[in-house]
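J.:
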């Protein structure tokens, strides 16, 4: 007895359909990625890096934190566009960006508690969006 498998071949031009929660997550990820880049460019242009790449804050080089958030911003923008275009890599990239955003939200809460209490609601919002984003992407995939 033999088994026959029938399948359809994807050409790569076909997009995968996602539901509206994934599209909302995609749009918010794009905005978050752009916002992160704008924040750090403004930080540099405002003169907050007097020693350039060797500037220390809390006995740590700020540039490594900026590099990590830069990678997160790239992942967020790429993943957001991938979700909007319905590409398979958009889901994976968005999940990586949401994970990085979740970490940044938790890490930034310590900064807001000690230095800028007015930013605490913003970082709590980032945490909430990250968690809701994971849930939305989990249930957004159409079969």
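Numbering (my numbering), first residue to last: 82 to 224.
C-beta atoms are modelled at their ideal positions from N, C-alpha and C, and glycine is treated no differently.
(1) Under the three-state reduction of DSSP, which class applies to residue 138: helix, strand or coil?
(2) Under 8 Å: do the region 191-204 and the region 113-132 share three or more Cβ pairs, one atom per stretch?
(3) Going by Cα to Cα distance, which pick from 188, 116, 125 is closest to residue 201?
(4) Rounded to whole angstroms, how far is the Cβ of residue 218 from the Cβ of residue 172, which I believe are closer than 8 Å?
(5) Per DSSP, what kind of secondary structure is residue 221 in: helix, strand or coil?
(6) Just tell me which of 157, 105, 144 has its CA closest to the CA of residue 113.
(7) DSSP state of residue 193, grouped into three classes?
(8) Let me confirm a value: residue 126 is counted as buried when at least 16 other C-beta atoms fall within 10 Å, else exposed. Which label applies?
(9) What span of residues does the alpha helix (DSSP H) with residue 161 cover, start to end?
(10) My understanding is that residue 214 touches residue 164, with C-beta atoms under 8 Å, so please give their C-beta distance in whole angstroms.
(11) How would you call residue 216, buried or exposed, if buried means at least 16 neighbouring beta carbons within 10 angstroms?
T.: Reading from the atomic positions:
(1) Of the three classes helix, strand and coil, the one that applies to residue 138 here is strand, per DSSP.
(2) no
(3) 188
(4) 6 Å
(5) helix
(6) 157
(7) helix
(8) exposed
(9) 143-166
(10) Rounded, the Cβ-Cβ distance is 10 Å, inconsistent with contact.
(11) When all chains shown are included, residue 216 counts as exposed.
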